[in-house]
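Just so you know, the protein sequences line up as chains L and R, in that order. Going by the working numbering, 67 is the number at position 67 of the first sequence; the sequence numbering is gapless. Going by the working numbering, 1148 is the number at position 148 of the second sequence; the sequence numbering is gapless. A virtual CB, placed ideally from N, CA and C, is assigned to each residue, including glycine. All figures in this text were calculated on a predicted structure; none of them were measured in a lab. Below is one structure; the comments refer to it alone.
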Amino acid sequence: MTEENDLRAAIAAGVIGSGDAYRELLGAIVEVARSIFGAKASSILLFDDDTEELVFEAVVGEGEGELLGVRFPAGHGIAGWVLATRTPLIIEDVREDPRFAQDVAEDTGYVPSGLMAAPLLHEERALGVLEVLDRPEQSTFSLAEMDLLGLFANQAAIAVDLLLRARQAERLLDGRDDELASVARLAAIVSALEDERREAGIRLLRELADTLGD
Amino acid sequence: MDGVTAHEEEARRPLQAWSLPKDDVGAIALPSQWPERVTREWAWGDATGEGVRVCILDSGVDAAHPLVGELESAVTVSLDEDENVVVAEDVEGDLAGHGTACAGIVRALAPECSIASIRVLGKGFTGSGLILLAGLRYAVEQGFHVINMSLSTTKKPFAAALHDLADSAYFQRSVLVASAHNMPVESYPWRFSSVLSVGSHEEEDPFTFFYNPSPPVEFFGRGVRVRAAWIGGKSVTASGNSFATPHLAAICALILSKHPELTPFQVKNVLYLTASNVGGGE
Chain L
1 MTEENDLRAA IAAGVIGSGD AYRELLGAIV EVARSIFGAK ASSILLFDDD TEELVFEAVV
61 GEGEGELLGV RFPAGHGIAG WVLATRTPLI IEDVREDPRF AQDVAEDTGY VPSGLMAAPL
121 LHEERALGVL EVLDRPEQST FSLAEMDLLG LFANQAAIAV DLLLRARQAE RLLDGRDDEL
181 ASVARLAAIV SALEDERREA GIRLLRELAD TLGD
Chain R
1001 MDGVTAHEEE ARRPLQAWSL PKDDVGAIAL PSQWPERVTR EWAWGDATGE GVRVCILDSG
1061 VDAAHPLVGE LESAVTVSLD EDENVVVAED VEGDLAGHGT ACAGIVRALA PECSIASIRV
1121 LGKGFTGSGL ILLAGLRYAV EQGFHVINMS LSTTKKPFAA ALHDLADSAY FQRSVLVASA
1181 HNMPVESYPW RFSSVLSVGS HEEEDPFTFF YNPSPPVEFF GRGVRVRAAW IGGKSVTASG
1241 NSFATPHLAA ICALILSKHP ELTPFQVKNV LYLTASNVGG GE
């Protein structure tokens, strides 16, 4: 990040406060996704490239209480495949194959009876995965639903990108003592003011800018 | 089809110049007699896939699954600390399920073809584009007749190298069958014209496929609610272009099993002529 971008990030972080608003947005996206598909659960997983793990960032429905913040290696499982290949996948009606020996059947971990998963793509990066779990059994998947899933995933990817930017801004501020943090605090204070006090605040800032600019 | 046939060897011999002197016309005579009308019966009637080597470039393949059966070979491609490519025997099998599903679909349609697995997914995703590239390069070097690639990369820096590899495959008679992306994003290598690219249709017949006169996607194969093998001895109902791809890969294997002399260009022609919306709907 350049210095100018640092300053912008500081002001943005100051005005927005933190990534909380974007987390709420992610929560809203999974809530709508679950509702539209009539599913039991929906979640957004973010890829942490430092640890090469996937992290549950938003969860609604089954597992809501336990899964948030839970991490697992990104190299395994369906979400990992979707992330790595950047390709959506719909798996339903998972059953034991009766021709397969029982003793090796259970060693590969949990797979829900059905799931839809799409990558969260932003520019050239895969940021994470949107999952919709256990849709009603009687529903029949169609290509139109695949398109709908893709639309949700693209919306989620934008929100995730904003969340990651907000977090990066926060990290920058944390690492810079008071310098940019002061600018961020000032931006936050002025942004929160109302009516005359806000006008006065902005007037004061302009005068400050003129004085310092000379 | 063990080793290299005389015809293949001739096709691989470098030309002295990119032209055809009059005296050399006989040297490129084609061995196959083409019928007046190419039908599915001519193209792959009674074919089993025997003699054709199909490679699944994916998450690995669970060879113990009864819907998959024996593998010709299974390797894993990874990068060491210095980003050197390492190809090693794959002892872990499938880490996700997808490769097993693709192998099972190919096995169901072309039961006697030889299937090999190249795992390019798994532990660690840093440099996954590099691993994909290395895996495809390895597959091309091994001279598989059909390479099933139900995956793509959105990273533009890899596009040129993937393009070169796709062309190499095409020139050396490896049919590279790749999934088109299900989402409206730019990804590779399926967009290249030397690749046989596949999207999904919603019909139930595994041999129904359509030619698309509006590329970049060239063919639509069965990709919705496909019953497929999965890891852990499971089977699933799966949807997505990545499941349509092995259907076309298997049909290519059948065609090459009956007509091993065909080039990828000719295989595409046979597919066109026998597509459900062209001549195959009879």
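Check: Taking only the alpha-carbon atoms, compute the straight-line gap between Glu1203 (chain R) and Pro1260 (chain R) and give it to the nearest angstrom.; Outcome: 29 Å
Check: For Gln155 (chain L) and Leu130 (chain L), what's the separation of their Cα atoms in angstroms?; Outcome: 10 Å
Check: For Leu172 (chain L) and Val183 (chain L), what's the separation of their Cα atoms in angstroms?; Outcome: 13 Å
Check: Just the chain L side, please: which residues come within less than 7 Å of Asn1182 (chain R) by C-beta, in chain order?; Outcome: Thr87, Pro88, Met146 and Gly150
Check: Can you confirm whether Thr1274 (chain R), when its beta carbon is compared against all beta carbons of chain L, has any partner nearer than 8 Å?; Outcome: no
Check: How about Gly1199 (chain R) and Phe1220 (chain R): are their beta carbons less than 8 Å apart?; Outcome: yes
Check: In or out: Phe1265 (chain R) buried (at least 16 other Cβ within 10 Å) or exposed?; Outcome: exposed
Check: Does Ala1108 (chain R) come out as helix, strand or coil in the three-state DSSP assignment?; Outcome: helix
Check: Determine, using beta carbons only, whether Leu143 (chain L) comes closer than 8 Å to chain R.; Outcome: yes
Check: Got a sec: which bits of the segment 1146-1160 of chain R sit with their beta carbon under 8 Å from any beta carbon on chain L, in order along the chain?; Outcome: Ser1150, Leu1151, Ser1152, Thr1153, Thr1154, Lys1155 and Lys1156
Check: Would you tell me roughly how many angstroms separate the C-alpha atoms of Pro136 (chain L) and Ile1056 (chain R), rounded to the nearest one?; Outcome: 32 Å
Check: Can you give me the C-alpha to C-alpha distance between Ala1063 (chain R) and Ala33 (chain L), rounded to a whole angstrom?; Outcome: 36 Å
Check: Excluding sequence positions up to five away, which residues of its chain have a Cβ less than 7 Å from the Cβ of Leu1248 (chain R)?; Outcome: Val1177, Leu1196, Val1198, Phe1209, Phe1219 and Gly1221
Check: If you reduce the DSSP assignment to three classes, tell me which class Thr1076 (chain R) lands in.; Outcome: strand
Check: For Ala1096 (chain R), which residues in chain L fall below 8 Å Cβ to Cβ?; Outcome: His76, Gly77, Ile78, Gly80 and Trp81
Check: Is there contact between the segment 23-33 of chain L and the segment 58-67 of chain L, where contact requires at least three CB pairs shorter than 8 Å?; Outcome: yes
Check: Report yes or no: do the segment 1096-1105 of chain R and the segment 1062-1077 of chain R share at least 3 C-beta pairs separated by less than 8 Å?; Outcome: yes
Check: Helix, strand or coil for Gly1045 (chain R) per DSSP?; Outcome: coil
Check: I need the DSSP call for Leu162 (chain L), collapsed to helix, strand or coil.; Outcome: helix
Check: For Gly1135 (chain R), which residues from the same chain have a beta carbon less than 7 Å from its beta carbon, with the 5 sequence-adjacent residues on both sides left out?; Outcome: Leu1057, Val1077, Ile1118 and Val1120
Check: Could you work out which residues of chain L lie near Trp1190 (chain R), taking near to mean beta carbons separated by less than 9 Å?; Outcome: Here the premise fails: no neighbours, minimum Cβ distance about 10 Å.
Check: Less than 8 Å between the C-beta atoms of Leu120 (chain L) and Gly128 (chain L), yes or no?; Outcome: yes
Check: Counting C-beta neighbours from all protein chains within 10 Å, is the total for Ser1235 (chain R) 16 or more, i.e. buried, or is it exposed?; Outcome: buried
Check: At a cut of 8 Å, does the segment 1086-1100 of chain R reach the segment 76-95 of chain L through at least three beta carbon pairs?; Outcome: yes
Check: Do Ser1179 (chain R) and Ser1242 (chain R) have their CB atoms nearer than 8 Å?; Outcome: yes
Check: Can you tell me where the alpha helix (DSSP H) with Pro1264 (chain R) in it begins and where it stops?; Outcome: Pro1264 to Thr1274
Check: Between Ser1078 (chain R) and chain L, is the shortest Cβ-Cβ distance under 8 Å, so that the two count as touching?; Outcome: no
Check: Mapping DSSP to helix, strand and coil, what is Met116 (chain L)?; Outcome: strand
Check: Per the DSSP calculation, Arg71 (chain L) is bridged to which residue(s)?; Outcome: L:Val55
Check: Threshold first: 3 residues or longer. Then list the beta strand (DSSP E) segments lying entirely within the segment 1197-1255 of chain R, N to C.; Outcome: 1219-1222, 1226-1229 and 1234-1239
Check: What does Ser1179 (chain R) touch in chain L if you count any residue whose Cβ is under 8 Å from its own?; Outcome: Thr87
Check: Would you tell me roughly how many angstroms separate the C-alpha atoms of Leu193 (chain L) and Thr1153 (chain R), rounded to the nearest one?; Outcome: 47 Å
Check: Tell whether a beta-carbon distance below 8 Å holds between Thr85 (chain L) and Leu1273 (chain R).; Outcome: no
Check: Out of R:Thr1263, R:Val1270, R:Lys1258 and R:Ala1253, point me to the one whose CA is closest to Ala1108 (chain R)'s CA.; Outcome: R:Ala1253
Check: Of all the options L:Leu151, L:Ala41 and L:Phe72, which has the alpha carbon lying nearest to the alpha carbon of Asp50 (chain L)?; Outcome: L:Phe72
Check: Assuming the contact rule is C-beta atoms closer than 8 Å, Val1267 (chain R) and Phe1144 (chain R) should be a hit. Round their C-beta distance to whole Å, please.; Outcome: Actually they are not in contact, since the Cβ atoms of Val1267 (chain R) and Phe1144 (chain R) sit about 14 Å apart, beyond 8 Å.
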